[in-house]
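Numbering (the numbering used here), first residue to last: 6 to 60.
Glycine included, each C-beta is placed from N, C-alpha and C at the ideal position.
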């Protein structure tokens, strides 16, 4: 499968290392994606993993 989203090769993106996504349909019919990611600071993910939602 091709990646649905990626920050590979884009170190300027604040959210990196995206993975384990789940596509979700909202009550109004809108589609969202929940996934894990990290926000590296100087190459280290000191804050751990985050769960953002994308529309």
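Check                                                                                                              : Outcome
Residue environment, residue 40, which counts as buried when at least 16 other CB atoms sit within 10 Å            : buried
Exposure of residue 13, with buried meaning 16 or more beta-carbon neighbours within 10 Å                          : exposed
Neighbourhood of residue 6 by C-beta, 7 Å cutoff - its chain only, sequence neighbours within 5 removed            : Legend: pLDDT at residue 6 = 45, less than 50; position of this residue unreliable, no value from coordinates given.
Sequence-distant residues of the same chain with beta carbon closer than 6 Å to residue 24, five excluded per side : 41
Three-state class that DSSP yields for residue 30 in the structure shown                                           : strand
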